[in-house]
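This report refers to the structure that appears directly beneath it.
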Amino acid sequence: MKHSPSDLIMLFNDLFRDDYRTILVRGGDEPEYLPADGPDGLAQVVFAHGYYASALHEISHWCIAGEYRRTLHDYGYWYCPDGRTREQQRAFETVEVKPQAQEWLFSVAAGFRFHVSLDNLSGGGACDERGFRLKVLAQAEQYLARGLPPRGQAFFDTLTVFYGTAETFHESWRQDVQRLIPPDLFYD
């Protein structure tokens with residue numbers, strides 16, 4: 120299956136442009152969220168380098184951000200780039216559980232390979248990679264049981280229709296959980 124970021128741009132913009140005045144935009148080196156610059160402007164979810172995975176991740180952040188946060192540059196969050204200290208990495212891992220859980224579900228809905236990202240290659244690495252993976256899994260399972268946030272659910276449903284994965288999603292999900300969370304990860 121071919122995965123083009125252009126498809127995500129089309130799907131996102133068709134779904135959210137009119138009601139939320141927000142568009143998905145292919146960007147450069149860094150992802151970024153730019154709120155609308157006025158009542159007639161459009162907010163922009165900018166993903167890095169034209170990467171499909173980056174687009175899914177940034178869409179996940181947008182689908183979680185509340186109304187107030189969507190008025191702030193990068194949702195008003197602090198971001199410390201790669202090379203974080205242990206304390207900074209712990210904070211990063213805490214705020215990334217929900218977006219990565221939602222991104223994982225989006226990826227399976229699109230038939231795309233998801234990778235858990237600790238995003239600290241030149242720093243000290245993960246604080247608790249095992250714990251982080253298990254938290255992302257638990258959050259994703261909670262979303263499956265109770266539903267995603269409304270915008271996330273709408274995008275998820277759109278992906279399953281566009282990629283034709285609605286009938287096979289649950290089996291694909293079980294297989295992907297086994298790939299990313301091997302049984303020995305549950306035990307010390």
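Each position in the sequence shown, counted from 1, maps to that position plus 119 in our numbering. Idealized CB from N, CA, C, for every residue including glycine.
{"Check": "In chain order, what residues of the same chain lie with their CB nearer than 6 Å to the CB of Val308, ignoring the 5 residues before and after it?", "Outcome": "Residue 308 is absent from the model: the chain starts at 120 and stops at 307."}
{"Check": "Mapping the DSSP letters down to three states, classify Gly242 as helix, strand or coil.", "Outcome": "Residue placement at Gly242 is poorly supported in this model, since its pLDDT is 42, which falls under 50; the coordinates are not used for a value here."}
{"Check": "Beta strand (DSSP E) containing Ile142: first to last residue?", "Outcome": "Thr141 to Arg145"}
{"Check": "Buried or exposed: Pro218, going by 16 or more other Cβ atoms within 10 Å of its Cβ?", "Outcome": "buried"}
{"Check": "Using 9 Å as the threshold, is the C-beta distance between Phe135 and Leu175 below it?", "Outcome": "no"}
{"Check": "Between the beta-carbon of Gln221 and the beta-carbon of Tyr262, is there less than 9 Å?", "Outcome": "yes"}
{"Check": "Got a sec? Which residues, its chain only, sit under 8 Å from Ile300 by beta carbon, not counting five neighbours each side?", "Outcome": "Arg252, Leu253 and Leu256"}
{"Check": "Exposed or buried, what is His180 when buried is set at 16 or more other beta-carbons lying within 10 Å of its beta-carbon?", "Outcome": "buried"}
{"Check": "As a quick exercise: from Phe233, Thr277, Leu191 and Cys182, pick the residue whose alpha carbon is nearest that of Pro268.", "Outcome": "Cys182"}
{"Check": "For Thr141, is the classification buried or exposed, using 16 other Cβ atoms within 10 angstroms of its Cβ as the cut-off for buried?", "Outcome": "buried"}
{"Check": "Give the single residue among Gly195, Leu237 and Phe233 whose Cα lies nearest to the Cα of Thr204.", "Outcome": "Leu237"}
{"Check": "With 16 as the cutoff for other CB atoms within 10 Å, does Gln294 come out buried or exposed?", "Outcome": "exposed"}
{"Check": "Of the choices Ser125, Trp292 and Gly283, whose alpha-carbon is the least far from that of Tyr170?", "Outcome": "Ser125"}
{"Check": "Would you call the region 280 to 292 in contact with the region 145 to 160, where contact means no fewer than 3 C-beta pairs closer than 8 Å?", "Outcome": "no"}
{"Check": "Do you know how far the Cα of Val214 is from the Cα of Leu191?", "Outcome": "17 Å"}
{"Check": "What are the boundary residues of the beta strand (DSSP E) that Val227 is part of?", "Outcome": "Unbroken run through Val227 is the alpha helix (DSSP H), Arg205 to Ala229; no beta strand (DSSP E)."}
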